[in-house]
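As C-alpha cells, the structure follows; a few thoughts come after it.
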Amino acid sequence: MSLKHREALKEGYEVGASAPVEEMRSVDGTVKYLFRTPAHNFIEAVYIPDEDRATLCVSSQVGCKMNCKFCMTGKQGFTANLSAHQILNQIYSIPEREKLTNLVFMGMGEPFDNLDEVLKVLEILTSEYGYGWSPKRITVSSVGLKKGLERFLNESDCHLAISMHTPIPSQRRDLMPAEKAFSITEIIDILHNYDFSKQRRLSFEYIVFKGVNDSLIYAKEIVKLLRGIECRVNLIRFHAIPNV
Numbered sequence: 001m002s003l004k005h006r007e008a009l010k011e012g013y014e015v016g017a018s019a020p021v022e023e024m025r026s027v028d029g030t031v032k033y034l035f036r037t038p039a040h041n042f043i044e045a046v047y048i049p050d051e052d053r054a055t056l057c058v059s060s061q062v063g064c065k066m067n068c069k070f071c072m073t074g075k076q077g078f079t080a081n082l083s084a085h086q087i088l089n090q091i092y093s094i095p096e097r098e099k100l101t102n103l104v105f106m107g108m109g110e111p112f113d114n115l116d117e118v119l120k121v122l123e124i125l126t127s128e129y130g131y132g133w134s135p136k137r138i139t140v141s142s143v144g145l146k147k148g149l150e151r152f153l154n155e156s157d158c159h160l161a162i163s164m165h166t167p168i169p170s171q172r173r174d175l176m177p178a179e180k181a182f183s184i185t186e187i188i189d190i191l192h193n194y195d196f197s198k199q200r201r202l203s204f205e206y207i208v209f210k211g212v213n214d215s216l217i218y219a220k221e222i223v224k225l226l227r228g229i230e231c232r233v234n235l236i237r238f239h240a241i242p243n244v
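For the sequence shown, counting from 1, position 207 maps to 207 in the UniProt record's numbering; every step adds exactly one.
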C-alpha cells in the first residue's frame, strides 16, 4: 500500500483499542477510567458493579454545550464530539468488558448533540453483525433536544432517560439553559406519541437538591406533568461540585 493511502487511512480511521491512561478504584468496586483521545483531550468512563449487574457509564463528547448548572462537565464547555470508535473504545478496552450487563450514556456530553455517532454505536452494539446485545441493556440519557429526541425514538429501541430535575419550567431554565429552547412540556408532548409500556423503558432523572426541589409540591407537579405516560422517576443524590 502506498504511503499516500496509508496516510489517508491513518487520518480517517482508528484501528484497535486504546487503553485508559489512568484509573481510580473505589472500595465498592466502582472504577473510573480516564481516556486520552488522539487530539489529546480527556474523557471518562465509569464501571459500576452492583450484585448481579455490571454497568458502564460512557461519554459521548469531550465537554458539553448544555451548561447545566449542577454538572461539572458543563462548566468545562464543549471541545469535540467523539467518534463511534472512541465511544466503543470505552467499552472494549477495559478489563471488565466481559462482565458488562448494561450500558448507559450518562457520562460527559449530550448524546443527542452527537446523535449520528451515538446511533452508529447503538447499531453496532445491538446488531447481529456486532455485539448482538438486546436494546434493553442500553439507556441513553438526554436533556431532551427535540430533533434528536424524535430521531432517537424512531431509529432505536434502546431505553431513554430524560433529565428533568424539576417540573417547574422557570426553575428548570435556571438549572438547565436547554429548557429555553426545548421545554419540558414540549418534550412530554413528544413522548405522548410513543409506547413505553413494552420493551422500551422511559425514565426521568431527578437530582434532589435539599430545600430546592424536594417538597411535596414538587412531587405533585411531577405526577401532574407525567400523567398518562408509562415511566419511572429516578431520584438521584446530588454530588456537590465547586461553586454550586
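Ideal Cβ placement from N, Cα and C applies to all residues, glycine included.
- A direct Cα-to-Cα measurement between residue 232 and residue 117 gives close to 27 Å.
- Contact between residue 176 and residue 141 does not hold, since their C-beta atoms are separated by about 13 Å, which reaches or exceeds 8 Å.
- Buried is the label assigned to residue 187, since at least 16 other Cβ atoms lie within 10 Å of its Cβ.
- Taking the Cα of residue 137 as reference, the smallest distance to any Cα among 153, 122, 82 is reached at 122.
- Between residue 91 and residue 58 a beta carbon distance of about 7 Å is seen, short of the 8 Å cut, so the two are scored as contacting.
- Within the region 2-54, the runs of beta strand (DSSP E) that reach at least 3 residues and sit entirely inside it are, in chain order, 22-25, 31-36, 42-50.
- Looking at the backbone, the Cα of residue 7 and that of residue 1 are separated by about 10 Å.
- Residue 89 and residue 124 have their C-alpha atoms spaced approximately 12 Å apart.
- In the three-state reduction of the DSSP assignment, residue 81 falls in the strand class.
- At a cut-off of 4 residues, the continuous stretches assigned as alpha helix (DSSP H) that sit fully inside the region 198-237 are 216-226.
- Residue 200 places its beta carbon less than 9 Å from that of residue 159.
- Between residue 189 and the set 51, 149, 213, the nearest pair of CA atoms involves 149.
- In the DSSP annotation of this structure, the continuous segment of the alpha helix (DSSP H) that includes residue 171 starts and ends at 169-175.
- The C-beta separation of residue 20 from residue 94 comes to about 7 Å, placing the pair in contact by the 8 Å criterion.
- Judged by DSSP in its simplified three-state form, residue 240 adopts coil rather than helix or strand.
- The alpha carbon of residue 134 has as its nearest neighbour, out of 102, 161, 153, the alpha carbon of 102.
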